[in-house]
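Below: one structure, written as structure tokens.
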Amino acid sequence: MTVKLVGLIKQLDPAAFEDYRSRVGATVTRFRGQVSYRGKLAHSFWNELDGDAFDAFVELEFPTLEDATQWAASADYQELLAVRSRAMKLTLFAVT
């Protein structure tokens, strides 16, 4: 079953964000995934969960949850964590 990962992003450092964004796609494709959509928040209607505000989002798609899990734990992706922590705050979750 296809799984989508949705990331809610609060940008912290635009230069680090562009560095991360230019490199993360290659790590996703190594695990049979793809970046389906990237966008900026246009309007927030409700935030009843009291989550932090975000200004951008990403949608990734993988054939299986196992593929997505292997990607997230991979050495390739782990190498990007230092850049990611400078670039943004991220909430990432899977949906089916």
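Position one of the sequence shown corresponds to residue 32 (my numbering), numbered consecutively onward.
For every residue, glycine included, the Cβ atom is placed at its ideal position computed from N, Cα and C.
Ser75 (DSSP reduced to helix, strand or coil)
coil
Do Gln65 and the ligand ATP come close, with the Cβ less than 7 Å from some heavy atom?
This structure lacks the ligand ATP; in fact it carries no ligand of any kind.
Going by CA-CA distance only, name the one from Arg54, Ala46, Asp107, Asp98 that's closest to Leu36.
Looking at the Cα atoms, Asp98 is the closest of the given residues.
Beta-carbon proximity of Val34 to Trp102, cut-off 8 Å
Result no, Cβ atoms of Val34 and Trp102 do not sit closer than 8 Å.
Cβ neighbour criterion (16 or more within 10 Å) applied to Gly82
It counts as exposed.
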